[in-house]
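One structure is given below, encoded as structure tokens.
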């Protein structure tokens, strides 16, 4: 007599539900982990930062300040950048939709950008300011640019400097200077070598000129001699 080894429909349904539930929990875990990974860079890059076209001592640099978010959800209305006394001069870049004011009356030199329409918290934007980096600076010097961010409600002052390697809550944008560049050499490398011949090449050039002159003199002398011989034969 054969035994019945078939599985009942109830057991199949129960097993399928168990597998489906486990797969759903695994998928949810992957989604949550991915969301956490994606959210971390966004939070880390939300500070006001600065990037420079050059960091060489004594050079004119275009400084780009990025505003990553508003003030706890409130849109940004204005941004004021304070420049250290070592900066030689500043010149802000015109930006459509923003009014610009440069102040040097009291305290550090500053530039204020005011938005005609507040910048929403979920959007980022940048402003550009040209500045003359310190002429008497040295490679390794750190420049700090405190930034005051005014919002429709509240504001942020990004002026804190890291102490002991721990990043502060509202870090100020900073730049580290590098060694000065030789503008002439960078703009036209090898120009001095092509402008004047090397002293070692001068004797060779003179010898070539003398050889050409001597050859011409010999050819001329032969021509005169042949002309005299021909004249004598006619006579």
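In mature numbering (1 follows the signal peptide of the UniProt record, and there is no 0), the protein residues as written are -46 to -1, 1 to 189. Yeah, the Cβ is synthetic: ideal placement off N, Cα and C, and Gly gets one too. Given the structure is predicted, the values throughout are model-derived calculations rather than measurements.
Pair within 8 Å by beta-carbon distance, residue i and residue j
i           : j           : result
residue 113 : residue 133 : no
residue 129 : residue 111 : no
residue 108 : residue 26  : yes
residue 62  : residue 54  : no
Spatial distance of residue i from residue j (CA atoms)
i           : j           : result
residue 74  : residue 104 : 12 Å
residue 4   : residue 99  : 9 Å
residue 7   : residue 87  : 11 Å
residue 70  : residue 49  : 11 Å
residue 192 : residue 51  : Absent from the model: residue 192. The displayed extent of the chain is -46 to 189, so no value can be given.
residue 36  : residue 66  : 9 Å
residue 120 : residue 57  : 33 Å
residue 15  : residue 102 : 21 Å
residue 135 : residue 1   : 31 Å
residue 138 : residue 44  : In this prediction, residue 138 scores a pLDDT of 41, lower than 50, which makes its location untrustworthy; no coordinate-derived value is stated.
residue 118 : residue 59  : 35 Å
residue 122 : residue 64  : 23 Å
residue 156 : residue 131 : Any reading at residue 156 must be qualified, since the residue scores a pLDDT of 48, below 50, and its modelled position is unreliable; no value is offered.
Of the listed residues the options, nearest to residue i (C-alpha basis)
i          : options           : result
residue 89 : 65, 24, 13        : 13
residue 76 : 10, 28, 65, 120   : 28
residue 78 : 9, 10, 23, 1      : 23
residue 33 : 68, 135, 91       : 68
residue 72 : 106, 131, 15, 135 : 106
residue 91 : 10, 101, 2        : 10
Closer than 7 Å: residue i CB and nearest the ligand ADP heavy atom
i          : result
residue 54 : Judged by which ligands are present, the structure shown has none, so any question about the ligand ADP falls away.
Under 8 Å, with one C-beta from each stretch per pair, do the region 25 to 41 and the region 90 to 99 reach the 3-pair mark? yes
Measuring CB atoms only, is the region 14 to 23 touching the region 71 to 85, in the sense that at least three cross pairs come out at less than 8 Å? yes
Which ranges would you report for the beta strand (DSSP E) in the region 47 to 73 if only whole runs of at least 3 residues count? 52 to 57, 64 to 73
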